[in-house]
Amino acid sequence: MCAAVLLAGVLAAPAQADSGGAQPSGAGAQDAQGLRGAGWAVKDTGKPGVRFRGLAAVSRGTAWLAGSKGTVLRTADGGRSWQDVSPPAAVAEGLELRDIEAFDGRRAVALSIGEGEASRILRTEDGGATWTETFRNPDPRAFYDCMTFFDSRHGLAVSDSVDGRFRILATDDGGRAWRVLPDTGMPQALPGEAGFAASGQCLVGSGPRDVWLATGGGPVARVLHSADRGLTWRVADSTVPAGDPARGVFALAFRDRTTGLAVGGDYRTGQASPLAAARSADSGRSWSQAATPPPAYRSGVAWYPYGRSAALAVGPTGTDVTTDAGRSWWTLDGGSYDTVDCTPDGGCWAAGEKGRAARLEAVRSPAS
Numbered sequence: 003m004c005a006a007v008l009l010a011g012v013l014a015a016p017a018q019a020d021s022g023g024a025q026p027s028g029a030g031a032q033d034a035q036g037l038r039g040a041g042w043a044v045k046d047t048g049k050p051g052v053r054f055r056g057l058a059a060v061s062r063g064t065a066w067l068a069g070s071k072g073t074v075l076r077t078a079d080g081g082r083s084w085q086d087v088s089p090p091a092a093v094a095e096g097l098e099l100r101d102i103e104a105f106d107g108r109r110a111v112a113l114s115i116g117e118g119e120a121s122r123i124l125r126t127e128d129g130g131a132t133w134t135e136t137f138r139n140p141d142p143r144a145f146y147d148c149m150t151f152f153d154s155r156h157g158l159a160v161s162d163s164v165d166g167r168f169r170i171l172a173t174d175d176g177g178r179a180w181r182v183l184p185d186t187g188m189p190q191a192l193p194g195e196a197g198f199a200a201s202g203q204c205l206v207g208s209g210p211r212d213v214w215l216a217t218g219g220g221p222v223a224r225v226l227h228s229a230d231r232g233l234t235w236r237v238a239d240s241t242v243p244a245g246d247p248a249r250g251v252f253a254l255a256f257r258d259r260t261t262g263l264a265v266g267g268d269y270r271t272g273q274a275s276p277l278a279a280a281r282s283a284d285s286g287r288s289w290s291q292a293a294t295p296p297p298a299y300r301s302g303v304a305w306y307p308y309g310r311s312a313a314l315a316v317g318p319t320g321t322d323v324t325t326d327a328g329r330s331w332w333t334l335d336g337g338s339y340d341t342v343d344c345t346p347d348g349g350c351w352a353a354g355e356k357g358r359a360a361r362l363e364a365v366r367s368p369a370s
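Count along the sequence shown from 1, add 2, and you get the number used in our numbering.
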């Protein structure tokens with residue numbers, strides 16, 4: 003089946019979806035005419051008291067969730083059932099697991115956030131049957147937010163600034179051991195500037211060496227880019243408003259080493275979030291605001307694997323779609339989600355508060 007047909011079949015909006023967003027115009031409008039017949043299919047996790055901000059989609063059938071109360075779930079059957087594979091120590095201490103990266107259905111690395119020793123990294127090689135703590139932050143000044151992997155061996159995690167610079171942690175063995183990288187190539191952080199541990203997407207990679215870091219909380223929301231796995235960084239201002247501890251860029255997604263999306267806004271309930279999305283066509287050197295941005299704060303974003311210009315952004319008030327590489331966004335669904343992830347085989351997953359998890363699926367009309 004060709005990419006265009008798959009895109010129309012899987013990114014289609016259900017008839018009952020909220021249609022409050024502006025529809026794309028021009029070529030995007032013609033594409034959008036085919037976006038009918040699919041939406042989020044909620045998958046019961048059995049964990050209504052857990053908020054899942056960590057999500058690792060492996061395929062249409064397999065995904066991992068990480069959230070509050072030290073909870074980790076795994077599905078291998080497309081969300082029909084979920085296995086509770088939570089690390090016992092994380093549950094006992096009520097750790098906030100805000101990011102999880104999975105290499106397949108058996109190997110995954112999870113990050114807990116917090117000051118000092120609350121920031122930890124855990125790894126499993128047996129589908130979550132057992133976990134090993136591979137890093138515990140010894141510095142009370144550090145607070146780790148997100149992590150990303152370039153491949154099954156090389157990965158990074160990021161902490162808010164220590165001594166005026168963001169701190170980068172690196173692994174070369176799939177998360178079994180970690181080391182702090184020198185900060186000589188990291189620009190100075192702005193006053194109040196930090197990363198947001200909202201969706202596991204404040205630090206993202208593309209390809210074997212490129213990685214981007216999103217910030218907020220300071221006078222300007224910025225995006226930092228490294229082309230050498232975190233050793234040296236270049237910084238650019240985004241168009242997403244900041245100037246407050248609750249505002250900035252919350253999530254990034256890069257389709258390749260050139261084309262990226264940024265989403266964010268003000269996470270406080272009821273606060274306006276104008277200009278909550280931006281796009282870059284030059285590896286993050288410069289950013290342009292979306293002509294029609296999402297209508298509210300968005301905490302997660304992911305490129306759809308088919309085609310070159312479709313992506314989804316999620317937040318507590320809904321899901322938005324772009325079919326023109328971030329120039330305009332329109333509302334697909336009004337459900338609450340914090341994070342989203344898509345796989346090469348077309349599996350798109352989302353997760354969030356009250357134990358919510360969902361997969362994008364076709365909604366078939368009754369036979370006439």
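Just so it is clear, CB atoms sit at the ideal spot from N, CA and C, and this is done for glycine as well.
These numbers were taken from a predicted model, which means no experiment stands behind them.
From the options, residue whose alpha carbon lies closest to that of residue i
i      : options                           : result
SER88  : SER70, SER311 and LEU233          : SER70
ASP128 : ARG76, ASP174, PHE151 and GLY272  : ARG76
VAL375 : ARG122, VAL222 and THR333         : Shown here, the chain extends from 3 to 370; a query on residue 375 therefore has no answer.
HIS156 : ASP147, ARG178 and TYR146         : ARG178
ALA199 : SER83, TYR269 and VAL44           : TYR269
ALA131 : THR173, VAL74, GLY81 and LEU183   : VAL74
ALA244 : THR234, SER275, ALA313 and ARG259 : SER275
LEU254 : LEU233, ALA313, ALA293 and ASN139 : ALA313
PRO247 : THR261, LEU233, GLY266 and GLU135 : GLY266
ALA196 : ARG100, VAL164 and SER121         : VAL164
Integer-rounded CB distance, given that residue j should sit under 8 Å from residue i
i      : j      : result
ARG257 : TRP305 : 5 Å
ALA229 : ARG249 : About 28 Å separates the two Cβ atoms, so there is no contact after all.
GLU98  : SER114 : 6 Å
THR234 : TRP180 : Contact flag wrong, Cβ pair sits at about 20 Å.
ALA216 : THR261 : That belief does not hold up - the Cβ atoms of ALA216 and THR261 are roughly 16 Å apart, past 8 Å.
Neighbourhood of residue i by C-beta, 7 Å cutoff - its chain only, sequence neighbours within 5 removed
i      : result
THR241 : LEU277, ALA280, TRP289, SER290 and GLN291
ASP20  : Bear in mind that the predicted position of ASP20 carries a pLDDT of just 33, short of 50, making it unreliable; the figure below should be weighed with that in mind. Excluding residues within five positions, the ones whose Cβ falls inside 7 Å are GLY320, THR333, ASP335 and GLY336.
MET3   : Because the pLDDT at MET3 is just 33, under 50, the model does not fix this residue reliably, and the value given afterwards should be weighed accordingly. Here the set comprises nothing.
GLY201 : The sequence as given places Ser at residue 201; Gly does not occur at that position. Excluding residues within five positions, the ones whose Cβ falls inside 7 Å are ARG55, PHE252, ALA253, SER301, GLY302, ASP340 and THR341.
Residues that DSSP places opposite residue i in a beta bridge
i      : result
MET149 : ALA159
GLU363 : GLY41
GLU135 : LEU124
GLY302 : VAL316
CYS344 : CYS350
LEU57  : LEU67
ARG281 : LEU263 and SER290
ASP212 : SER208
LEU192 : According to DSSP, which records beta bridges pairwise, LEU192 is partnered with nothing at all.
ASP268 : ARG249
Same chain, Cβ closer than 6 Å to residue i, neighbours up to 5 away in sequence not counted
i      : result
ALA353 : PHE54, LEU57, LEU67, THR341 and ALA359
GLN35  : With a pLDDT of 36 at GLN35, under the threshold of 50, the predicted position of this residue should be treated as unreliable, and no value is reported.
GLY357 : THR47, LYS49, PRO50 and VAL52
ASP176 : The residue you asked about is not Asp; residue 176 is Gly in the sequence shown. Within the same chain, GLY176 has close Cβ partners SER154 and ARG155.
VAL316 : GLY302, TYR339, VAL342 and ALA352
SER27  : Interpretation of SER27 is limited by its pLDDT of 41, a score under 50 that renders its predicted location unreliable; no figure is taken from the coordinates.
GLU355 : ARG53 and SER338
Residues near residue i by beta carbon distance below 8 Å, same chain, minus five either side
i      : result
PRO193 : GLY220 and PRO221
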